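Top to bottom, those sequences are chains A and B. Mapping to my numbering: the first sequence position 28 is 28, numbers consecutive. Just remember that my numbering sits 1000 ahead of the position in the second sequence, which is counted from 1.
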Amino acid sequence: MEVLRPRTLDEALALRAEHPEARPIQGGTDVLVELTFGHSRPDALLDLSEVAELRGFTQEDGALRLGAGLTYTEAMRAPLATRLPALAEASRTVGSPQIRNRGTIGGNLGTGSPAGDALPPLLAERAEVELASVSGTRTLPLEDFLLGVKRTALAGDELVTAVRIMPSGGAQTFAKVGPRNAMVIAICSLAVVVDTTEGEVRAAFGSAAVTAKRVTVPLADAAELPDLIAEAAAPIDDVRATAEYRRHALRVLATRTLERCVRS
Amino acid sequence: MKVSLTVNGERLEGDAWGGESLLTFLRDTLELPGSKNACEQGECGSCSVLFDGTLVCSCLVLAAQADGHEVVTVEGLAREDALHPVQQAFVDAGAVQCGFCTPGLVVAVVDLLERVPRPSDDEIRESLSGNLCRCTGYAKIFDAVGLAAERA
């Protein structure tokens, strides 16, 4: 197994075009498990951890651009935690400090699991995904990027380079159900943003359909949100919980998170 | 492939296969078995090391990603004539039962106390939430963190 180690984004994109079969790896918290347990054995790995352009975040005219290599630990710190509080809360529920120090937002998108903890808060804030290849850059609304269970719109020659968000500034929070606070894959999760500028409440749930999904209601109809979320969910029975429990828990989370946002 | 890195202040080099984890590279190639190999999926924390000063599970870092970087393992903590204060606190508090989780916990506590010299109980619990002790000896482990913080 070859490990390609580009130092710049241009090098990374050139290598991606030459080796579309290479598995991109950033923090390694998903990919190493696949490799160690033999779930996948790609011919090559494209290690993005040395690409400086993917790190950190930038702000311009109020808009945020989160590099694909931004770690959960970084998302939990000011000033990001102040601009995107629900993402910071969700990040804090990811794995453990060790995992949060390595795992990245770009990795959460690339893996595209319906349980990805960063996805509901990003959907609720109407994030866009920036995808780059040697032939250029495109952006897609996050809901169009997530196609199915671990299926995304990423093309074979593309890399996720960033997430773009115009923070709403609205009250927002995140909640997740699981057997303990740390090291938990969500049984279900929910992010809520009360956007008074747009006059709407946007919520997004995880682990209750083939992808994380957003539900939007006018501010005046916020009380309908728990029912609308339960209707929009299409959960399954699996080792972690039953579909019925997930639907019930989402209703409870919707009521609680709305209360938190209205009180804050 | 050749991997060349600094481990516990020493420049070391060895061969790793492409998909190899830093953990097996440390243990099998560099012959540093202090970092323990248990779950191999980041759940248990017994392989915790400092990677460029950041606490990570070495089972989730690719050996190739460590090329050119700096790693501190539990073997690098003690001074020539004395245990690291965190190790000494674990001994004094009786925070070791079977001992398997101890290296990872010691590294995690060293990281915690460097960032937060006087952690609250909640901070200790959250910071050590990625380290499992299957003997369930958490009370003594928390005592050891308190003792190390007090002595610093």
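We put the CB at the ideal spot given by N, CA and C, even for glycine. Just so we're clear, the structure is a prediction, and the values are computed from it rather than from any experiment.
Exercise for review: Compute the beta-carbon to beta-carbon distance between A/A254 and A/L225, rounded to the nearest angstrom, for a pair I have assumed lies under 8 Å.
Suggested key: The residue given as residue 254 of chain A occupies position 254 in the first sequence. The residue given as residue 225 of chain A occupies position 225 in the first sequence. Correct: roughly 5 Å between the Cβ atoms.
Review point. When the Cα atoms are used, what is the spatial distance from A/L154 to B/P1119?
Key: Within the first sequence, residue 154 of chain A is the residue found at index 154, counting from 1. Within the second sequence, residue 1119 of chain B is the residue found at index 119, counting from 1. Roughly 43 Å between the two C-alpha positions.
Review point. Do you know whose CA, among A/T161, A/N108 and A/R256, lies nearest A/V192's CA?
Key: Position 192 of the first sequence holds residue 192 of chain A. Of the candidates A/T161, A/N108 and A/R256, the one whose C-alpha sits nearest the C-alpha of A/V192 is A/R256.
Review point. When DSSP labels each residue in this structure, what does B/A1038 get in the three-state scheme?
Key: Position 38 of the second sequence, counted from the start, is the residue given in the question as residue 1038 of chain B. If DSSP states are grouped into helix, strand and coil, B/A1038 belongs with coil.
**Study point:** Cβ-based neighbour list, B/T1006, same chain, cut-off 6 Å, excluding 5 preceding and 5 following
**Key:** Here residue 1006 of chain B is taken as the residue at index 6 of the second sequence, counted from 1. If we look at B/T1006 and ignore the five residues flanking it on each side, its Cβ neighbours are E1070.
Review point. Relative to the alpha-carbon of A/L54, which residue among A/T71, A/P179, A/A209 and A/G38 has its alpha-carbon at the smallest distance?
Key: For this step, residue 54 of chain A is matched to residue 54 along the first sequence. Of the candidates A/T71, A/P179, A/A209 and A/G38, the one whose C-alpha sits nearest the C-alpha of A/L54 is A/T71.
Practice item. Taking A/A171 as the reference, give the member of A/V163, A/E200, A/S189 and A/A186 with the closest Cα. Key: The sequence position of residue 171 of chain A within the first sequence is 171, counting from 1. Among A/V163, A/E200, A/S189 and A/A186, the Cα nearest to that of A/A171 is on A/E200.
Check your understanding: By how many angstroms is the C-alpha of A/S189 removed from the C-alpha of A/L177?
Key -> Mapped onto the first sequence, residue 177 of chain A falls at position 177. Mapped onto the first sequence, residue 189 of chain A falls at position 189. Note that residue 177 of chain A is Val in the sequence shown here, rather than Leu. If I take the Cα positions, the gap works out to 6 Å.
Practice item. Could you run through the region 1095 to 1119 of chain B and flag, in chain order, every residue whose CB is less than 7 Å away from some CB of chain A? Key: none
Check your understanding: Relative to the C-alpha of A/D30, which residue among B/D1122, B/P1103, B/G1019 and B/D1028 is closest?
Key -> In the first sequence, residue 30 of chain A corresponds to position 30, counting from 1. Nearest option by C-alpha distance: B/G1019.
**Study point:** Chain-ordered chain A contacts of B/T1054 [CB-CB under 7 Å]
**Key:** Position 54 of the second sequence, counted from the first residue, corresponds to residue 1054 of chain B. Simply N101.
Check your understanding: For A/L64 versus A/I165, is the C-beta distance shorter than 7 Å?
Key -> Residue numbering aside, residue 64 of chain A sits at position 64 when the first sequence is read from its first letter. Residue numbering aside, residue 165 of chain A sits at position 165 when the first sequence is read from its first letter. Closer than 7 Å, so yes.
**Study point:** Three-state secondary structure (DSSP) of A/D117
**Key:** In the first sequence, counting from the first residue as 1, residue 117 of chain A sits at position 117. DSSP places A/D117 in coil when its eight states are reduced to three.
Review point. Looking at B/V1056 and B/V1086, is the spacing between their C-beta atoms short of 7 Å?
Key: Residue 1086 of chain B sits at position 86 when you count from the first residue of the second sequence. Residue 1056 of chain B sits at position 56 when you count from the first residue of the second sequence. No, the pair does not count as a contact, with Cβ atoms beyond the cut-off.
Practice item. Answer yes or no: does any C-beta atom of chain A fall closer than 7 Å to that of B/S1035? Key: As a first step, residue 1035 of chain B must be located in the second sequence, where it is residue number 35. Judged by the 7 Å Cβ criterion, B/S1035 is not in contact with chain A.
Check your understanding: Going straight from the alpha carbon of A/M183 to that of B/E1043, what length do you get?
Key -> Taking the first sequence and counting its residues from 1, the one referred to as residue 183 of chain A is at position 183. Taking the second sequence and counting its residues from 1, the one referred to as residue 1043 of chain B is at position 43. Whole-angstrom Cα-Cα distance: 7 Å.
**Study point:** Of the listed residues A/R260, A/A212 and A/R240, nearest to A/A232 (C-alpha basis)
**Key:** The residue labelled residue 232 of chain A in the question sits at position 232 within the first sequence. For A/A232, the nearest C-alpha among the options comes from A/A212.
Review point. Looking at the structure shown, is A/G136 part of a helix, part of a strand, or coil, going by DSSP?
Key: Walking along the first sequence from the start, residue 136 of chain A turns up at place 136. Looking at A/G136 - three-state DSSP - the assignment turns out to be strand.
**Study point:** Three-state class that DSSP yields for B/Q1088 in the structure shown
**Key:** Taking the second sequence and counting its residues from 1, one reaches residue 1088 of chain B at position 88. Three-state result, B/Q1088: helix.
Review point. Taking 7 Å as the CB-CB cut-off, is B/G1019 touching chain A?
Key: The residue given as residue 1019 of chain B occupies position 19 in the second sequence. It does; some Cβ of chain A falls within 7 Å.
Check your understanding: Straight-line CA distance for A/V266 to A/V217?
Key -> Any answer about residue 266 of chain A is impossible in this case: the structure gives chain A only from 1 up to 264.
Review point. With a cut-off of 7 Å, does the C-beta of A/M183 fall near any C-beta of chain B?
Key: Here the question's residue 183 of chain A lines up with position 183 in the first sequence. At least one chain B Cβ lies under 7 Å of A/M183.
Review point. Using Cβ-Cβ distances below 9 Å, what residues of the region 157 to 181 of chain A are close to chain D?
Key: The chain labelled as chain D is not found among the protein chains of the depicted structure, namely A and B.
Point to revise | N- and C-terminal bounds of the beta strand (DSSP E) containing A/G67 | key: Taking the first sequence and counting its residues from 1, one reaches residue 67 of chain A at position 67. Residues A63 to G67.
Review point. Are the region 1093 to 1109 of chain B and the region 1135 to 1142 of chain B in contact at 8 Å, needing three or more beta carbon pairs?
Key: yes
Exercise for review: Establish whether the CB of B/L1060 and some CB of chain A are separated by less than 7 Å.
Suggested key: For the purposes of this step, residue 1060 of chain B is taken as residue 60 along the second sequence, with counting starting at 1. So, interface residue.
Check your understanding: Can you give, in chain order, each stretch of the alpha helix (DSSP H) that sits fully within the region 2 to 45 of chain A and has at least 4 residues?
Key -> 9 to 18 and 31 to 36
Check your understanding: Hey, quick one: how far does the beta strand (DSSP E) through A/E198 stretch, first residue to last?
Key -> Counting from 1 along the first sequence, the entry for residue 198 of chain A is found at position 198. Element bounds for A/E198: n/a, residue is neither H nor E.
**Study point:** Inter-residue CB distance, A/T161 and A/L131 (contact presumed, cutoff 8 Å)
**Key:** Taking the first residue of the first sequence as 1, we reach residue 161 of chain A at position 161. Taking the first residue of the first sequence as 1, we reach residue 131 of chain A at position 131. That pair is a contact at about 7 Å.
Review point. For the region 1060 to 1074 of chain B against the region 1032 to 1046 of chain B, are there 3 or more C-beta pairs whose distance is under 8 Å?
Key: yes
Exercise for review: Assign B/G1104 to one of three DSSP states: helix, strand, or coil.
Suggested key: Taking the first residue of the second sequence as 1, we reach residue 1104 of chain B at position 104. Helix, per DSSP.
Exercise for review: Please say whether A/D195 and A/V168 have beta carbons closer to each other than 7 Å?
Suggested key: Working through the first sequence from its first residue, we reach residue 168 of chain A at position 168. Working through the first sequence from its first residue, we reach residue 195 of chain A at position 195. At residue 168 of chain A the sequence reads Ser, which differs from the Val that was named. Going by C-beta atoms, A/S168 is nearer than 7 Å to A/D195.
Practice item. Out of B/S1021, B/A1152, B/C1047 and B/E1010, state which residue places its alpha-carbon closest to the alpha-carbon of B/P1117. Key: On the second sequence, position 117 is the one that residue 1117 of chain B refers to. Here the closest residue by C-alpha is B/A1152.
Point to revise | Of the listed residues B/E1150, B/L1132 and B/I1141, nearest to B/Q1041 (C-alpha basis) | key: Numbered from its first residue, the second sequence carries residue 1041 of chain B at position 41. Of B/E1150, B/L1132 and B/I1141, the residue nearest in Cα terms is B/L1132.
Check your understanding: If we count the other Cβ atoms within 10 Å of its Cβ and call it buried at 16 or more, is A/L87 buried or exposed?
Key -> By 1-based counting over the first sequence, the position of residue 87 of chain A is 87. Looking at its Cβ environment, which holds 16 or more other Cβ atoms inside 10 Å, A/L87 is buried.
Point to revise | Pairwise C-alpha distance: A/V210 and B/D1028 | key: Translated into positions along the second sequence, residue 1028 of chain B becomes position 28. Translated into positions along the first sequence, residue 210 of chain A becomes position 210. Spanning the two alpha carbons is a distance of roughly 40 Å.
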